[in-house]
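Numbering (full-length UniProt numbering), first residue to last: 1 to 483. Just so it is clear, CB atoms sit at the ideal spot from N, CA and C, and this is done for glycine as well. Please read all numbers here as calculations on a predicted model, not as lab measurements.
Pasting the structure below:
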């Protein structure tokens with residue numbers, strides 16, 4: 001059962017080959033047995049899962065249907081879940097039980113999805129390796145000595161190890177696509193505003209976006225269908241009709257114009273990954289796509305701009321965690337200032353503190369114009385580059401990451417080296433564009449991803465290209481040894 005995709009589970013439940021309760025119990029037992037190797041879960045919700053599975057079976061017995069009805073998933077531990085710990089991977093929120101469900105959680109529950117638990121993550125989604133979690137690092141199932149990527153590494157590792165078929169995740173600078181690449185999954189960051197952020201604990205509000213992680217584009221289409229849609233509770237949610245993503249998966253790629261930016265193939269890209277990307281290009285050309293070289297001239301400025309904007313927003317968003325209303329509070333504070341200082345100093349880890357300090361500095365008097373305002377101007381230039389490119393091509397293709405997954409601890413002493421791994425992914429967040437990573441091969445036994453970017457609200461186009469590619473390749477079917 002654990003080898004089935006979300007689509008296969010939907011068909012099996014519809015055909016009454018097994019019940020949601022049976023499947024849920026199998027997967028919960030598998031998580032209990034195998035997750036100690038991976039550390040991909042922070043909380044398991046066995047009682048809730050069995051209750052939801054029984055309810056889904058009853059709904060099917062009464063004639064209801066739906067691709068997510070009875071399907072087991074997990075949520076990244078920054079989506080608020082009623083009465084269940086929502087920690088953000090931080091000591092600061094270790095004792096926080098949300099008083100409501102995030103919109104994404106509520107929508108998927110209404111569709112009948114079964115929540116198995118909450119997955120591990122970099123603290124407050126700050127990281128590219130899933131090593132900054134207060135609950136310990138997550139391991140990559142393809143090689144337990146390597147990182148699974150971050151910040152959605154728990155969701156990625158759990159799905160890759162076949163502990164469950166799909167999971168929710170979030171992407172601020174590549175935190176869905178990079179873990180997908182590192183663990184041989186398909187991961188989609190939707191257009192900014194396509195998926196509600198209400199109840200999704202914020203890192204950088206103008207960049208964060210929730211999305212699906214699964215083994216196939218078909219599964220991502222199913223999960224995104226349940227997540228997407230306008231939410232009046234979220235002022236950044238866009239009131240745009242949600243298409244049937246699964247219905248568009250059969251479209252031909254004949255004549256599709258694919259742009260390949262020349263800036264992607266610089267000295268920083270592992271040549272073995274470059275070769276796999278070229279192989280993917282050739283496969284898509286065989287399917288009828290037309291390949292064209294394009295340019296994104298301001299890409300080189302994206303990382304410094306991102307690492308001003310994101311920490312600036314983080315310093316503002318995380319100011320609410322003060323030890324007064326909720327979250328960690330220090331013992332025996334001498335006064336209010338001591339309460340603030342020690343609660344935040346004890347509650348936040350090193351990477352979070354680093355980004356708060358960078359952000360506070362960038363927003364401080366005398367530096368706002370020099371750093372934050374200039375970064376926002378660069379952001380506009382990055383967006384303009386994409387708009388010009390999409391006048392010539394339908395999608396943009398390139399590597400998801402410059403290197404395969406590195407060893408645990410390898411970049412801990414040099415945070416900037418880890419930041420540079422986001423070079424291909426952060427531009428989509430700065431511009432608010434949808435982006436997808438899909439499996440494209442292996443380097444030294446570690447998975448490699450190819451990234452696709454599209455114009456606003458063209459998630460269906462990305463999913464269709466990935467689906468057609470996966471019908472003609474088998475990278476996405478590979479399973480890590482031992483799982």
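Handout entry: Nearest residue (CA-CA) to residue 99, options 318, 313, 85
Key = Looking up residue 99 in the chain shown gives position 99. Checked all of 318, 313, 85; the closest Cα to residue 99 is 85.
Problem - Alpha carbon of residue 434 to alpha carbon of residue 335, nearest angstrom - result: For the purposes of this step, residue 434 is taken as the residue at position 434 of the chain shown. For the purposes of this step, residue 335 is taken as the residue at position 335 of the chain shown. Spanning the two alpha carbons is a distance of roughly 47 Å.
Handout entry: residue 445 burial status per 10 Å Cβ neighbour count (16 or more: buried)
Key = Sequence index remark: in the chain shown, residue 445 carries index 445 (1-based). With fewer than 16 other Cβ atoms within 10 Å, it is exposed.
Practice task
To the nearest angstrom, report how far apart residue 109 and residue 413 are at their CA atoms.
Solution key: Numbered from its first residue, the chain shown carries residue 109 at position 109. Numbered from its first residue, the chain shown carries residue 413 at position 413. So the two alpha carbons sit approximately 41 Å from each other.
Handout entry: Proximity below 8 Å, CB of residue 73 to CB of residue 116
Key = Position 73 of the chain shown holds residue 73. Position 116 of the chain shown holds residue 116. Against a cut-off of 8 Å, the Cβ pair of residue 116 and residue 73 comes out as a contact.
Problem - Inter-residue CB distance, residue 328 and residue 347 (contact presumed, cutoff 8 Å) - result: In the chain shown, counting from the first residue as 1, residue 328 sits at position 328. In the chain shown, counting from the first residue as 1, residue 347 sits at position 347. The Cβ separation is near 4 Å, so the contact holds.
Problem - Buried versus exposed, by CB contacts within 10 Å (16 or more), residue 136 - result: In the chain shown, counting from the first residue as 1, residue 136 sits at position 136. The residue in question, residue 136, is exposed, as its Cβ has fewer than 16 Cβ neighbours within 10 Å.
Handout entry: Where residue 164 sits in the DSSP three-state scheme
Key = Start at 1 with the first residue of the chain shown, and residue 164 comes out as number 164. Coil, per DSSP.
Practice task
Assess, as a yes-or-no matter, whether the stretch 203-210 is touched by the stretch 309-317 under the definition of 3 or more beta carbon pairs within less than 8 Å.
Solution key: yes
Handout entry: alpha helix (DSSP H) segments (min. 4 residues) lying fully within the stretch 118-151
Key = none
Practice task
Indicate whether the contact test is met: 3 or more Cβ pairs, each with one atom in the stretch 252-263 and one in the stretch 353-370, closer than 8 Å.
Solution key: no
Practice task
Figure out for me which residue from 449, 415, 468 has the closest Cα to the Cα of residue 287.
Solution key: The sequence position of residue 287 within the chain shown is 287, counting from 1. Looking at the Cα atoms, 468 is the closest of the given residues.
Exercise for the section: Using only alpha-carbon positions, find the residue among 233, 120, 430, 179 that is nearest to residue 447. Expected result: What you label residue 447 is simply residue 447 of the chain shown in a count that begins at 1. Residue nearest to residue 447 within the set 233, 120, 430, 179 is 179 (criterion: CA-CA distance).
Problem - residue 152 burial status per 10 Å Cβ neighbour count (16 or more: buried) - result: Counting from 1 along the chain shown, the entry for residue 152 is found at position 152. Under this definition residue 152 is a buried residue.
Problem - Run of the alpha helix (DSSP H) containing residue 437, from where it starts to where it stops - result: Walking along the chain shown from the start, residue 437 turns up at place 437. Note, residue 437: premise wrong, no alpha helix (DSSP H); beta strand (DSSP E) at 435-443.
Handout entry: Residue from 138, 377, 105 whose Cα sits closest to the Cα of residue 159
Key = Within the chain shown, numbered from 1, the residue matching residue 159 stands at position 159. For the residues 138, 377, 105, the minimum Cα distance to residue 159 belongs to 138.
Problem - Per-residue burial, residue 119 [other beta carbons within 10 Å of its own, 16 or more giving buried] - result: Position 119 of the chain shown, counted from the first residue, corresponds to residue 119. Result: buried.
Exercise for the section: Please classify residue 301: does DSSP put it in a helix, a strand, or coil? Expected result: Residue numbering aside, residue 301 sits at position 301 when the chain shown is read from its first letter. DSSP, read as helix, strand or coil, puts residue 301 in helix.
Handout entry: Per-residue DSSP class, three states only, for residue 85
Key = What you label residue 85 is simply residue 85 of the chain shown in a count that begins at 1. If DSSP states are grouped into helix, strand and coil, residue 85 belongs with the strands.
Problem - the stretch 337-344 in contact with the stretch 223-239 per 3-pair CB rule at 8 Å - result: No, the stretch 337-344 is not in contact with the stretch 223-239.
Exercise for the section: Name the one or two DSSP bridge partners that residue 484 has. Expected result: There is simply no residue 484 to check, as the chain begins at 1 and stops at 483 in what is shown.
Practice task
Count the other C-beta atoms from every protein chain shown that fall within 10 angstroms of the C-beta of residue 114, then say buried if there are 16 or more, exposed otherwise.
Solution key: Taking the chain shown and counting its residues from 1, one reaches residue 114 at position 114. Burial check for residue 114: the Cβ neighbour count within 10 Å reaches 16 or more, so the residue is buried.
Practice task
Note down the Cα distance separating residue 453 from residue 424, rounded to an integer number of angstroms.
Solution key: By 1-based counting over the chain shown, the position of residue 453 is 453. By 1-based counting over the chain shown, the position of residue 424 is 424. Rounded to the nearest angstrom, the two C-alpha atoms are 11 Å apart.
Practice task
Would you mind giving the Cβ-Cβ distance between residue 209 and residue 170, rounded to the nearest angstrom? I have them listed as a contact below 8 Å.
Solution key: For the purposes of this step, residue 209 is taken as residue 209 along the chain shown, with counting starting at 1. For the purposes of this step, residue 170 is taken as residue 170 along the chain shown, with counting starting at 1. At roughly 7 Å, the Cβ-Cβ gap stays under 8 Å, so residue 209 and residue 170 are in contact.
Practice task
With residue 397 as the anchor, note down where its beta strand (DSSP E) starts and where it stops.
Solution key: To locate residue 397, count along the chain shown from 1; it is residue 397. Segment 395-399, the beta strand (DSSP E) holding residue 397.
Problem - Span of the alpha helix (DSSP H) around residue 43 - result: Against the chain shown, residue 43 aligns to sequence position 43. From DSSP, residue 43 is part of no alpha helix (DSSP H) but of the beta strand (DSSP E) over 41-44.
Problem - C-beta contact flag for residue 125 and residue 207 at 8 Å - result: Here residue 125 corresponds to residue number 125 of the chain shown, with the count starting at 1. Here residue 207 corresponds to residue number 207 of the chain shown, with the count starting at 1. Contact: no.
Practice task
Measure the CB-CB distance between residue 539 and residue 294 and report whether it falls below 8 Å.
Solution key: Residue 539 cannot be examined here, being either before or after the span of the chain that is shown, 1 to 483.
Handout entry: Beta-carbon spacing of residue 216, residue 476 below 8 Å
Key = Residue mapping note: residue 216 aligns to position 216 of the chain shown, counting from 1. Residue mapping note: residue 476 aligns to position 476 of the chain shown, counting from 1. For residue 216 and residue 476, yes; Cβs fall inside 8 Å.
Problem - Delimiting residues of the beta strand (DSSP E) encompassing residue 352 - result: On the chain shown, position 352 is the one that residue 352 refers to. Counting along the chain, residue 352 falls outside any beta strand (DSSP E), though it belongs to the alpha helix (DSSP H) covering 350-363.
Problem - Within 8 Å, strictly: CB atoms of residue 197 and residue 238 - result: On the chain shown, residue 197 is found 197 positions in, with the first residue counted as 1. On the chain shown, residue 238 is found 238 positions in, with the first residue counted as 1. No; because the gap between Cβ atoms is not below 8 Å, this pair is not in contact.
Problem - Three-way DSSP call (helix, strand, coil) for residue 257 in this model - result: Position 257 of the chain shown, counting from 1, holds the residue named residue 257. The answer is strand: DSSP assigns residue 257 an E or B state.
Practice task
Could you spell out where the beta strand (DSSP E) holding residue 293 opens and where it closes?
Solution key: If you number the chain shown from 1, residue 293 lands on position 293. Start and end: 290-294.
Problem - Close beta carbons around residue 243, own chain, < 7 Å, minus the five adjacent residues each side - result: As a working note, residue 243 is residue 243 in the chain shown. So the qualifying residues of the chain are 460.
Handout entry: C-beta contact flag for residue 365 and residue 372 at 8 Å
Key = Sequence index remark: in the chain shown, residue 365 carries index 365 (1-based). Sequence index remark: in the chain shown, residue 372 carries index 372 (1-based). Their beta carbons are not under 8 Å apart, which means residue 365 does not touch residue 372 by this criterion.
Exercise for the section: Please say whether residue 471 and residue 385 have beta carbons closer to each other than 8 Å? Expected result: Counting from 1 along the chain shown, the entry for residue 385 is found at position 385. Counting from 1 along the chain shown, the entry for residue 471 is found at position 471. Not a contact, by the Cβ cut-off of 8 Å.
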